[in-house]
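**Student:** If you want our numbering, it's the 1-based position in the sequence shown plus 16. Cβ atoms here follow ideal geometry from the backbone N, Cα and C, with glycine treated the same way.
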Amino acid sequence: MKMSNALIPTLRNNPAEADTISQQLLIRAGFIRKSAAGLYHYLPLGMRVLSKIENIVREEMNNFGCQELLMPIVQPAELWQETGRWNAYGAEMFKVTDRHERQFCLGPTHEEMITDLVRSEVNSYRQLPLRLYQIQNKYRDEKRPRFGLIRGREFIMKDMYSFDRDADGLDRAYWDMYQAYTNVFNRCGLYVRPIEADGGAIGDSQTHEFTALAEIGENTVVYCEKCGYAANIEIAPCPVPEVNKEKEAQLPLEKVYTPDSKTIEAVGNYLQVPAEKCIKTLFFQADDELICVLVRGDHEVNDVKVQRVHPCFALEMAEEEDVVKAVGCSFGSLGPVGLSKVKIYADLAVEQMVNLVCGANEEAYHYINVNPGRDFQVAGYYDLRMMQEGEPCPKCGQLTSSARGIEVGQVFKLGTKYSEAMGATFLDENGKTQIIHMGCYGIGVSRTMAAAVEQHNDENGIIWPKAIAPYHAVVVPVSVKDEQQCAIAEQIYEALQKRGVEVMLDDRNERPGVKFKDADLIGYPVRITVGKKAVEEQTVEYKLRAEADSVLVSVDDIVEKTVAYIFS
Ligand code: ATP
Ligand code: MG
Numbered sequence: 017m018k019m020s021n022a023l024i025p026t027l028r029n030n031p032a033e034a035d036t037i038s039q040q041l042l043i044r045a046g047f048i049r050k051s052a053a054g055l056y057h058y059l060p061l062g063m064r065v066l067s068k069i070e071n072i073v074r075e076e077m078n079n080f081g082c083q084e085l086l087m088p089i090v091q092p093a094e095l096w097q098e099t100g101r102w103n104a105y106g107a108e109m110f111k112v113t114d115r116h117e118r119q120f121c122l123g124p125t126h127e128e129m130i131t132d133l134v135r136s137e138v139n140s141y142r143q144l145p146l147r148l149y150q151i152q153n154k155y156r157d158e159k160r161p162r163f164g165l166i167r168g169r170e171f172i173m174k175d176m177y178s179f180d181r182d183a184d185g186l187d188r189a190y191w192d193m194y195q196a197y198t199n200v201f202n203r204c205g206l207y208v209r210p211i212e213a214d215g216g217a218i219g220d221s222q223t224h225e226f227t228a229l230a231e232i233g234e235n236t237v238v239y240c241e242k243c244g245y246a247a248n249i250e251i252a253p254c255p256v257p258e259v260n261k262e263k264e265a266q267l268p269l270e271k272v273y274t275p276d277s278k279t280i281e282a283v284g285n286y287l288q289v290p291a292e293k294c295i296k297t298l299f300f301q302a303d304d305e306l307i308c309v310l311v312r313g314d315h316e317v318n319d320v321k322v323q324r325v326h327p328c329f330a331l332e333m334a335e336e337e338d339v340v341k342a343v344g345c346s347f348g349s350l351g352p353v354g355l356s357k358v359k360i361y362a363d364l365a366v367e368q369m370v371n372l373v374c375g376a377n378e379e380a381y382h383y384i385n386v387n388p389g390r391d392f393q394v395a396g397y398y399d400l401r402m403m404q405e406g407e408p409c410p411k412c413g414q415l416t417s418s419a420r421g422i423e424v425g426q427v428f429k430l431g432t433k434y435s436e437a438m439g440a441t442f443l444d445e446n447g448k449t450q451i452i453h454m455g456c457y458g459i460g461v462s463r464t465m466a467a468a469v470e471q472h473n474d475e476n477g478i479i480w481p482k483a484i485a486p487y488h489a490v491v492v493p494v495s496v497k498d499e500q501q502c503a504i505a506e507q508i509y510e511a512l513q514k515r516g517v518e519v520m521l522d523d524r525n526e527r528p529g530v531k532f533k534d535a536d537l538i539g540y541p542v543r544i545t546v547g548k549k550a551v552e553e554q555t556v557e558y559k560l561r562a563e564a565d566s567v568l569v570s571v572d573d574i575v576e577k578t579v580a581y582i583f584s
């Protein structure tokens with residue numbers, strides 16, 4: 017490709033609204049353009065990267081016996097009603113109505129569609145196992161589309177679904193995909209950690225998230241260097257702090273005036289008590305019900321764990337006005353004492369507390385010397401908090417560390433959840449009807465592209481891993497007005513192409529500084545600069561994007577050297 021004919025609209029400055037490095041660089045380097053919130057154009061360079069990721073995914077899927085198909089994006093509401101997800105999926109679903117008033121959605125995922133297909137095509141054990149996948153746009157009306165391709169409302173996903181005769185078959189499919197995903201992300205040059213994750217409210221399904229470590233990641237990974245334990249903080253079990261209750265005698269409950277003390281910190285300062293002696297009282301809206309959750313003042317509530325003990329479709333922090341209506345007091349002075357009508361769940365650490373502080377459900381008043389069990393009752397004590405940095409590993413007791421990461425893929429044992437709801441069955445060897453065991457496995461293809469940029473960049477631009485770079489190399493004639501330089505550049509360009517190197521020729525009539533800046537920004541793994549020395553000494557400059565220094569290489573050797581690097 018010649019740069020003079022290409023649509024590669026690079027920008028000198030960061031676009032104002034771009035909120036992450038990957039979004040800034042992908043826009044600046046001319047890979048993507050925003051159309052509307054969470055909706056992006058993939059420009060030619062972006063498209064090339066996507067295709068490379070897709071092909072790696074394809075190869076790995078095919079190697080593990082998966083077959084590619086393509087299902088409609090537009091999906092009939094009736095299928096989603098069969099599994100109860102038409103309503104349960106919530107506001108993230110894009111719904112559309114056709115001219116006959118029939119309802120459809122734009123597929124956010126395809127479990128219903130594929131189960132419908134398989135139940136009508138499969139009826140004998142002889143047709144199983146099956147592994148079917150597609151690579152396609154998905155649609156989710158995300159509450160907060162952000163970070164460019166990382167959280168889009170239209171994005172590209174590879175979704176695979178496995179169908180097996182029994183749980184053992186599903187187990188094989190699951191671990192095959194675990195391996196395939198490990199291969200995919202390794203080949204894409206991503207540093208990824210598979211972590212144990214939340215299997216959802218229905219059963220304790222096994223699932224791993226493949227998390228690309230990055231500062232901007234929305235997931236927190238808790239891991240142990242010693243035994244290799246790694247989990248999403250959402251599910252990491254917390255140790256229960258040991259407190260010797262016998263040691264501290266329970267004192268009489270007392271209500272005290274606490275002006276201008278609306279946070280744990282302010283109350284603690286005012287009453288001169290540490291945060292671990294205070295209760296944090298939070299209200300959640302669990303579908304239609306208001307519930308109350310208590311954690312120790314220095315702990316953070318973990319809503320995935322809350323949702324496990326109080327199953328519901330949607331769990332969100334309650335609106336202050338709803339709490340005022342129910343309790344008669346605003347945020348800042350809430351507490352469990354005397355709280356009726358609302359279900360209270362408390363963290364296990366709260367159960368251990370003696371003589372603690374909490375809001376009195378009266379503006380500017382708190383209780384002191386509150387004792388759980390004596391002064392208030394709860395529906396149950398559970399592990400409801402986030403693990404904190406340095407707490408012991410649940411497997412081996414060693415201290416854990418944590419890191420941020422972007423979920424780029426997930427493998428999930430669905431079991432018989434969808435096949436049972438939709439009647440996807442088969443006849444076994446004895447002619448008996450059995451339910452199919454299913455798994456689902458997703459990779460965010462467009463998100464992977466952004467995650468790769470988050471992991472591979474410097475102050476000058478993107479540093480693409482070789483396997484997913486839009487082009488392997490760029491050839492830059494320093495002056496396009498010099499015919500000899502141009503002829504040598506052209507000759508190297510053609511020779512590289514013949515050897516299968518994907519190469520860009522920057523034949524634009526621009527200053528060399530501009531071309532070098534663009535080459536760095538776009539992130540070609542190899543840059544070959546053809547200047548005066550090419551004409552005078554038959555040497556060109558060879559520079560790897562990932563390294564600081566360049567070397568002079570003779571025109572005769574440059575093709576071999578580039579080929580060796582790219583295909584090594
Ligand atoms: P998240 O927790 O980030 O919302 P998810 O768990 O809902 O993701 P899955 O349903 O498991 O996502 O989808 C499979 C893969 O699709 C994810 O691992 C992720 O890489 C990608 N993905 C999900 N939502 C988006 C999105 N809004 N934009 C881009 N990629 C996404
Ligand atoms: Mg997921």
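Ignore the nearest five residues each way along the sequence and tell me which others in Leu372's own chain have a CB closer than 7 Å to its CB.
**Tutor:** Lys293, Cys294, Ile295, Val386, listed in sequence order.
**Student:** Where Thr555 and Arg543 are concerned, what is the direct C-alpha to C-alpha distance, given to the nearest angstrom?
**Tutor:** Cα to Cα, the separation comes out at about 14 Å.
**Student:** Enumerate in chain order the residues of its own chain whose CB-to-CB distance from Ala265 is below 7 Å, with the five nearest sequence positions on each side excluded.
**Tutor:** Contacts found: none.
**Student:** When the Cα atoms are used, what is the spatial distance from Pro25 to Ile151?
**Tutor:** Cα-Cα distance, rounded: 27 Å.
**Student:** Please name the residue in Glu405, Leu512, Ile452, Lys531 whose C-alpha comes closest to that of Thr236.
**Tutor:** When only C-alpha atoms are compared, the closest one is Glu405.
**Student:** What separation, rounded to the nearest whole angstrom, lies between the Cα atoms of Gly3 and Ile422?
**Tutor:** Residue 3 lies beyond the range of the chain shown here (17 to 584); nothing can be said about it.
**Student:** Taking contact to mean 3 or more Cβ pairs, one atom from each stretch, closer than 8 Å, check whether the segment 166 to 185 and the segment 480 to 493 are in contact.
**Tutor:** Contact fails: fewer than three Cβ-Cβ distances are below 8 Å.
**Student:** Buried or exposed: which applies to Cys243, given that a residue is buried once 16 or more other Cβ atoms fall within 10 Å of its Cβ?
**Tutor:** Its Cβ having fewer than 16 others within 10 Å, Cys243 is exposed.
**Student:** Within 8 Å, do at least three Cβ pairs link the segment 507 to 519 to the segment 485 to 493?
**Tutor:** As far as the Cβ criterion goes, the segment 485 to 493 touches the segment 507 to 519, which means the pair count is three or higher.
**Student:** Tell me whether Leu95 is buried or exposed, calling it buried when 16 or more other Cβ atoms sit within 10 Å of its Cβ.
**Tutor:** The residue is buried, with at least 16 neighbouring Cβ atoms inside 10 Å.
**Student:** Of all the alpha helix (DSSP H) runs that stay within the bounds of the segment 457 to 502, which reach a length of 4 or more residues?
**Tutor:** Correct list: 461 to 471.
**Student:** Going by other Cβ atoms of all chains shown within 10 Å of its Cβ, with 16 needed for buried, is Tyr273 buried or exposed?
**Tutor:** Counting Cβ neighbours within 10 Å, Tyr273 comes out exposed, since fewer than 16 surround it.
**Student:** Using a Cβ-based criterion (distance less than 7 Å to any ligand heavy atom), does Ile166 qualify as near ligand 1?
**Tutor:** Yes.
**Student:** Which stretch, first to last residue, makes up the beta strand (DSSP E) that contains Asp175?
**Tutor:** Counting along the chain, the beta strand (DSSP E) containing Asp175 begins and ends at 170 to 180.
**Student:** Taking the alpha-carbon positions, what's the Arg529 to Met19 distance?
**Tutor:** Per the sequence shown, the amino acid found at residue 529 is Gly instead of Arg. C-alpha separation (whole angstroms): 15 Å.
**Student:** Between His315 and Val366, what straight-line distance do the alpha-carbon atoms span, to the nearest angstrom?
**Tutor:** Roughly 10 Å between the two C-alpha positions.
**Student:** According to DSSP, what are the bridge partners of Lys154?
**Tutor:** Answer is Phe171, bridged to Lys154.
**Student:** Compute the distance between the beta-carbons of Arg209 and Ala252, then report whether it is under 8 Å.
**Tutor:** Not in contact: Arg209 and Ala252 (Cβ atoms no closer than 8 Å).
**Student:** Just to confirm, does Met173 get its C-beta within under 7 Å of one of the non-hydrogen atoms of ligand 1?
**Tutor:** Correct: Met173 has its Cβ closer than 7 Å to ligand 1.
**Student:** What first and last residue would you give for the beta strand (DSSP E) that runs through Ala302?
**Tutor:** Run containing Ala302: 295 to 302, per the beta strand (DSSP E) assignment.
**Student:** CB of Arg147 to nearest heavy atom of ligand 1: below 7 Å?
**Tutor:** No, the beta carbon of Arg147 sits no closer than 7 Å to any heavy atom of ligand 1.
**Student:** Going by CA-CA distance only, name the one from Pro145, Asn202, Thr198 that's closest to Ala183.
**Tutor:** Of the candidates Pro145, Asn202, Thr198, the one whose C-alpha sits nearest the C-alpha of Ala183 is Pro145.
**Student:** Verify the CB distance criterion: does Arg169 have a CB-CB separation below 8 Å to chain B?
**Tutor:** No chain B appears in the structure shown, which is made up of a single protein chain.
**Student:** So is the beta-carbon of Ile69 under 7 Å away from any non-hydrogen atom of ligand 1?
**Tutor:** False, no ligand heavy atom lies under 7 Å from that Cβ.
**Student:** May I ask whether a heavy atom of ligand 1 can be found less than 7 Å away from the beta carbon of Val567?
**Tutor:** No; taking the cut-off as 7 Å, the Cβ of Val567 has no heavy atom of ligand 1 nearer than that.
**Student:** If you draw a straight line from the C-alpha of Lys263 to the C-alpha of Met369, how long is it?
**Tutor:** Going from the Cα of Lys263 to the Cα of Met369 covers about 12 Å.
**Student:** Hey, out of Gly431, Gln500, Leu206, whose CA is closest to Met469's CA?
**Tutor:** This sequence places Val at residue 469; Met is not what is there. The shortest Cα separation from Val469 among Gly431, Gln500, Leu206 belongs to Leu206.
**Student:** Exposed or buried, which one is Thr227 when buried takes at least 16 other CB atoms within 10 Å?
**Tutor:** So Thr227 ends up on the buried side.
**Student:** Could you tell me the boundaries of the alpha helix (DSSP H) in which Leu560 lies?
**Tutor:** Note, Leu560: premise wrong, no alpha helix (DSSP H); beta strand (DSSP E) at 555 to 560.
**Student:** Using the C-alpha atoms, what's the distance from Gly425 back to Arg203?
**Tutor:** Answer to the nearest angstrom: the Cα atoms are 14 Å apart.
**Student:** Quick check: does the Cβ of Gly215 come within less than 7 Å of any heavy atom belonging to ligand 1?
**Tutor:** For ligand 1, not one heavy atom lies less than 7 Å from the Cβ of Gly215.
**Student:** Measuring only the C-alpha atoms, how far is Ser136 from Ala580?
**Tutor:** C-alpha separation (whole angstroms): 51 Å.
**Student:** What are the start and end residues of each continuous alpha helix (DSSP H) run of 4 or more residues lying completely inside the segment 81 to 150, in chain order?
**Tutor:** The qualifying runs are 93 to 99, 101 to 104, 127 to 137.
**Student:** Considering only the alpha carbon of each residue, which of Glu552, Ser570, Thr545 lies closest to Lys559?
**Tutor:** Of Glu552, Ser570, Thr545, the residue nearest in Cα terms is Thr545.
**Student:** Is there contact here, the segment 391 to 403 with the segment 432 to 440, by at least three beta-carbon pairs under 8 Å?
**Tutor:** With the cut-off at 8 Å, the segment 391 to 403 and the segment 432 to 440 do not touch.
**Student:** With a Cβ-Cβ cutoff of 8 Å, do Asn377 and Gly354 count as a contact?
**Tutor:** In contact: Asn377 and Gly354 (Cβ atoms closer than 8 Å).
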